[in-house]
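Engineer: Questions regarding the structure given below will be posed in turn.
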Amino acid sequence: MGRKILLVEDDRETAGYLVRGLTQEGHSVEHVTDGQEGLFRASGGTFDLIILDRMLPVLDGLAVLRALRAANIATPVLILSALATVGDRIDGLDGGSDDYLVKPFSFAELLARANALFRRSDARPSADPKITVADMEIDPLARVVRRGDKKIDLKPREYLLLEYFARNAGKVVTRTMLLEQVWDYHFDPGTNVIDVHVSRLRRKLEEGFDRPLLHTVRGAGYMLSG
Amino acid sequence: MRTSVRIAFLAGLLALAANLAIIGFIHLQTYDQSESTLRRQVTQQAHVLAYIYRSGGLPALQSAIDEPVDPEDPEVAAALIDPSGRVVYGNFVYLPAPGETFGEGYRSGLVRLQDETAAHEAGVYFQRLPRGRWIASARIAGEGLALRETLERSLLVGVALSLLLGIACGVLVARYVGLRVRSISEVAARIGGGDMDQRIPVRQSGDAFETLARQINAMLDRIGRLMDELRMLTDTLAHDLRSPVGRLRSAADAALVATSREELDQLFGKIIQESDSLMRILTTILEIGRTESFAGRNQFTSFDAADLGAELAEMYEPLGEEDGASVKFEKSGMDFDFRGHRQLLAQALSNLIENAFNYAALGGPITVFVKRNRDRLQMGVADRGPGIPADQREQACSRFGRLDSSRSRGGAGLGLTLVRSIAHLHNGELVLDDAGPGLIAMLDLPVRHD
């Protein structure tokens, strides 16, 4: 399903690469090169996602973001920035953005994050809060997970990990997304600690079943699907 | 040069002010109230006698002189003087000083009273009368009038002299200061020109100039050390970045001539991996710079440090299972909220845990601990590895300061430097200690009560 995306990015090369990639994914992308123009287009509130470079001519990214939020425009905003330190990321997130991605990034990472933001804004509170993925059922209120007839025992963090996967079922989830969303850490660990957690969760979900649920997506991350 | 003129002028001015103050004091102490009374009395008396003479002529004046209004006051003296200076009628003679000329007004001088031979000091008032005559009225002064006048004259001379001496002193001081300052400014100019090895010659004078020279030299030494460090740092950085870039390049070279899709995928994977590790090194360098400039202090929040430690221990616990090392968490002291940068402290603790895995795991348990020790928060990791000898601990914390024993393991040697700068951000220290056996690496941070 195609979405409307506003890209505010002054770097020609990055912008070209993003417009090509996102268009191929079926989205329609409008591209502007400075902050003022970006704010002008965004203030209509007609986009599903705004991808905002942090350092822009005329009006910088954080100022655009603040102006949008002050005008009650709630369109999800993903900030792109070359400012890579933990403090810079926190500044970006505190400024009202929904996600923060450091340059250089892989297109797979950007796409996974964009999809997570689309899904989040689509989510409607439903009468049945249970999440079902193939033959697995998750009850977020009771924090109980069943697959078929079997109840699966998970530690609290494993449960949070699974719930995040389930809420993004069918979409790629990257390692840094997991670290940020499930653990709330914004640094890059030098080890494969996230992979170890995922494979542990996978063992618990798939032990005794033939059908795999948690898939590894090469060069990108993981995906939960039936 | 203008400065020394100003100093000389200032010194002279100060000397003058000080002397004026002293002279004023002496004058105040010696000034006799009676002198002004004397002056007033003789002036009035002269006016009265002149009036009498004008209205009653010589006879009236004679009787006024012979029969004083106040018989109790025998010191009243008066005389009528003709244009040639001769006393026409009177009971005293004024003895002018050599060269003194007559004029109307008050003066002090010597007089001889009628029927006496000795001269007295007196205040005298001369008033002009018609036809060139004068009325002189005199009163004998007490002792000391002349002495005081001498004193006042010498004080005036003293003022002039002290002004000159003050300026002379000022010039001397200015020349001395100028000389001492010039030796400093010449060195500063040479250093400004690029010769960082210059130092100010230190004279054993024990004064402020010696202190200043020593301080400037110490400052120059420190700047020199920092510059050396920086130079070494950029050299090391350039050198250490060459190897990942080299690996990157050789993977790209290999990809160019790869024959199978599988081989190509593997090489691209390697290229991405090497780029990521390069990016990680660069981000860490930026992170250290940012942390060392204390930029993160506006992001401090209150949180439970023990929770953070437990969370990270739990996060790394499965990694330990794979490596055959167990990760334990220990806390001691009461629960409390610590104010700090949660994200950076998490990163610091995670670096310490990963170090323990990289250098010391080999099956031994890794203990993550958070301790409240009075006003200190101590959070860190203890392992059972080989530890770091005491004399190498400082090197282990410095930028790119990998110990030779760990060079083969990869990594840029920035981990502990970042941890240390995070400790500094919280006004604390990174402490490396002996766990007997093993290494304790912890952040020792003050708990603030504001």
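Protein chains in written order, with the working numbering: chain B, 1 to 226; chain E, 1001 to 1450. Glycine included, C-beta positions come from ideal geometry on N, C-alpha and C.
For residue 1439 (chain E) versus residue 1385 (chain E), is the C-beta spacing smaller than 8 Å?
Structural biologist: Their beta carbons are under 8 Å apart, which means residue 1439 (chain E) touches residue 1385 (chain E) by this criterion.
Engineer: Tell me whether the beta-carbon of residue 1286 (chain E) lies closer than 8 Å to the beta-carbon of residue 85 (chain B).
Structural biologist: It is a contact, given that the beta carbons lie within the stated cut-off.
Engineer: Taking the beta strand (DSSP E) that residue 1108 (chain E) falls in, what are its first and last residues?
Structural biologist: Looking at the DSSP string, the run of the beta strand (DSSP E) that includes residue 1108 (chain E) is 1105-1113.
Engineer: Assess contact between the region 162-177 of chain B and the region 1276-1293 of chain E, defined as three or more Cβ pairs (one per stretch) separated by less than 8 Å. Is contact present?
Structural biologist: With a cut-off of 8 Å, the region 1276-1293 of chain E and the region 162-177 of chain B do not count as touching, because too few Cβ pairs lie within range.
Engineer: What is the DSSP secondary structure of residue 1446 (chain E), reduced to helix, strand or coil?
Structural biologist: It is a strand residue.
Engineer: Could you round the C-beta distance between residue 61 (chain B) and residue 52 (chain B) to whole angstroms and report it? I think they count as a contact, below 8 Å.
Structural biologist: Going by Cβ atoms, the distance from residue 61 (chain B) to residue 52 (chain B) rounds to 5 Å, so yes, they are a contact pair.
Engineer: Grouping DSSP H, G and I as helix and E and B as strand, with all else coil, what is residue 100 (chain B)?
Structural biologist: Strand.
Engineer: Can you tell me whether residue 1266 (chain E) is helix, strand or coil according to DSSP?
Structural biologist: In the structure shown, residue 1266 (chain E) sits in a helix (DSSP, three-state: H, G or I).
Engineer: For residue 1127 (chain E), which of helix, strand or coil comes out of DSSP?
Structural biologist: Note: residue 1127 (chain E) maps to strand in three-state DSSP.
Engineer: Using Cβ-Cβ distances below 7 Å, what residues of the region 1313-1336 of chain E are close to chain B?
Structural biologist: Residues 1314, 1315, 1316, 1318, 1319, 1322.
Engineer: Which class does residue 1259 (chain E) belong to by DSSP, given the choice of helix, strand or coil?
Structural biologist: In this structure, residue 1259 (chain E) counts as coil in the three-state DSSP scheme.
Engineer: Please look up how many angstroms separate the CB atoms of residue 251 (chain B) and residue 38 (chain B), rounded, as I've assumed it's under 8 Å.
Structural biologist: Since the first residue shown for chain B is 1 and the last is 226, residue 251 (chain B) is missing from the structure and cannot be characterised.
Engineer: Assuming residue 1445 (chain E) contacts residue 1376 (chain E) under a Cβ cut-off of 8 Å, what Cβ separation, rounded to an integer in Å, is found between them?
Structural biologist: Going by Cβ atoms, the distance from residue 1445 (chain E) to residue 1376 (chain E) rounds to 7 Å, so yes, they are a contact pair.
Engineer: In this structure, does DSSP put residue 1439 (chain E) in helix, strand or coil?
Structural biologist: Strand.
Engineer: Along the beta strand (DSSP E) that carries residue 144 (chain B), what are the first and last residues, could you check?
Structural biologist: Counting along the chain, the beta strand (DSSP E) containing residue 144 (chain B) begins and ends at 144-147.
Engineer: So does the region 90-105 of chain B actually touch the region 136-151 of chain B, counting three or more Cβ pairs closer than 8 Å?
Structural biologist: No, the region 90-105 of chain B does not touch the region 136-151 of chain B.
Engineer: Suppose the cutoff is 7 Å on Cβ atoms and the five residues either side in sequence are ignored; what does the same chain contact list for residue 1170 (chain E) look like?
Structural biologist: Excluding positions up to five away in sequence, the list reads 1007, 1008, 1009, 1010, 1011, 1012.
Engineer: Are the region 1332-1341 of chain E and the region 1291-1305 of chain E touching, with three or more C-beta to C-beta distances below 8 Å?
Structural biologist: Short answer: they touch.
Engineer: Can a CB atom of chain E be found closer than 8 Å to the CB of residue 187 (chain B)?
Structural biologist: Closer than 8 Å to some Cβ of chain E, the Cβ of residue 187 (chain B) qualifies, so yes.
Engineer: If the cut is a Cβ gap below 7 Å, which residues of chain E does residue 197 (chain B) touch?
Structural biologist: The contacting residues are 1318.
Engineer: I need the DSSP call for residue 1190 (chain E), collapsed to helix, strand or coil.
Structural biologist: Three-state DSSP puts residue 1190 (chain E) in a helix.
Engineer: Given that residue 1340 (chain E) touches chain B, what residues does it touch there, using C-beta distances under 8 Å?
Structural biologist: Correct list: empty, because the minimum Cβ distance to chain B is about 13 Å.
Engineer: So with CB distances below 9 Å, who are the chain E contacts of residue 237 (chain B)?
Structural biologist: The displayed coordinates of chain B run from 1 to 226. Any statement about residue 237 (chain B) would go beyond what the structure contains.
Engineer: Got a sec: which bits of the region 81-110 of chain B sit with their beta carbon under 9 Å from any beta carbon on chain E, in order along the chain?
Structural biologist: Per Cβ criterion, the list reads 83, 84, 85, 86, 87, 88, 89, 90, 91, 94, 102, 104, 106.
Engineer: Determine the chain E residues that contact residue 193 (chain B) at a beta-carbon separation under 7 Å, and present them in chain order.
Structural biologist: Going along chain E in sequence order, the residues near residue 193 (chain B) (Cβ under 7 Å) are 1315, 1316, 1319.
Engineer: Would a check of beta-carbon distances place residue 200 (chain B) closer than 8 Å to chain E?
Structural biologist: Yes, residue 200 (chain B) counts as interfacial toward chain E.
Engineer: So within the region 1303-1368 of chain E, which uninterrupted alpha helix (DSSP H) runs reach at least 4 residues, ignoring any that extend past its ends?
Structural biologist: The qualifying runs are 1305-1323, 1342-1360.
Engineer: Ignore the nearest five residues each way along the sequence and tell me which others in residue 1420 (chain E)'s own chain have a CB closer than 6 Å to its CB.
Structural biologist: Cβ neighbours of residue 1420 (chain E) beyond the five flanking positions: 1397, 1430.
Engineer: Residues of the region 147-160 of chain B with a CB closer than 7 Å to any CB of chain E: list them in chain order, please.
Structural biologist: Those would be 157, in chain order.
Engineer: Counting only Cβ pairs nearer than 7 Å, list the residues of chain B close to residue 1208 (chain E).
Structural biologist: Here the premise fails: no neighbours, minimum Cβ distance about 44 Å.
Engineer: Name the residues in the region 1287-1299 of chain E whose C-beta lies less than 7 Å from a C-beta of chain B; which are they?
Structural biologist: Of all residues in the region 1287-1299 of chain E, 1287, 1290, 1295, 1296, 1299 have a Cβ within less than 7 Å of some Cβ in chain B.
Engineer: With H, G and I counted as helix, E and B as strand and the rest as coil, what does DSSP make of residue 1173 (chain E)?
Structural biologist: In the structure shown, residue 1173 (chain E) sits in a helix (DSSP, three-state: H, G or I).
Engineer: List the residues that DSSP assigns as beta-bridge partners of residue 139 (chain B).
Structural biologist: Answer is B:144.
Engineer: Going by C-alpha to C-alpha distance, which of E:1103, E:1310, E:1067, E:1136 sits closest to residue 1081 (chain E)?
Structural biologist: Ranking E:1103, E:1310, E:1067, E:1136 by Cα distance to residue 1081 (chain E) puts E:1136 first.
Engineer: Which term fits residue 16 (chain B), buried or exposed, when burial requires 16 or more other beta carbons within 10 angstroms of its beta carbon?
Structural biologist: By the 10 Å Cβ count, residue 16 (chain B) comes out exposed.
Engineer: For residue 1105 (chain E) versus residue 1126 (chain E), is the C-beta distance shorter than 8 Å?
Structural biologist: Their beta carbons are under 8 Å apart, which means residue 1105 (chain E) touches residue 1126 (chain E) by this criterion.
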